[in-house]
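Heads up: the sequence shown begins at 47 in our numbering, then just goes up one per residue. Built from N, CA and C at the ideal position, the CB exists for glycine as well.
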Amino acid sequence: MDIVSGVVVYILLWWWVFLMTLPFGVKAPTTVETGHATSAPERPLIWRKVGVATIIAAILFIMVFMVIDSGLISLDKL
47 MDIVSGVVVY
57 ILLWWWVFLM
67 TLPFGVKAPT
77 TVETGHATSA
87 PERPLIWRKV
97 GVATIIAAIL
107 FIMVFMVIDS
117 GLISLDKL
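See the structure below:
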């Protein structure tokens, strides 16, 4: 896997994991301020979710890289 493919795979994995972590730990506020949606989270904790997504995406990227580098999955075999 070359560097461009690696960056693309990591970015795709990161977004996938980040979007999966968004609902965790979110609760709706008990009192809603004027102009805010009733479903808007009280404390979204975005930076924590960014960090978690980065760590999980890095682990998944290492696994994907090892599988592709080992030749277990290859476009030539398809």
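Residue i lies in the alpha helix (DSSP H); which residues open and close that run?
i: T67; result: 49-67
i: T77; result: Here T77 belongs to no alpha helix (DSSP H), and DSSP marks it neither H nor E.
i: T100; result: 92-116
Applying the criterion that 16 or more other CB atoms from any shown protein chain within 10 Å of the CB defines a buried residue, is residue i buried or exposed?
i: K73; result: exposed
i: V63; result: buried
i: L58; result: exposed
Straight-line CA distance for residue i to residue j?
i: F111; j: I102; result: 14 Å
i: A104; j: G52; result: 11 Å
i: T84; j: T76; result: 9 Å
i: D48; j: E79; result: 50 Å
i: Y56; j: P87; result: 28 Å
i: D122; j: P69; result: 39 Å
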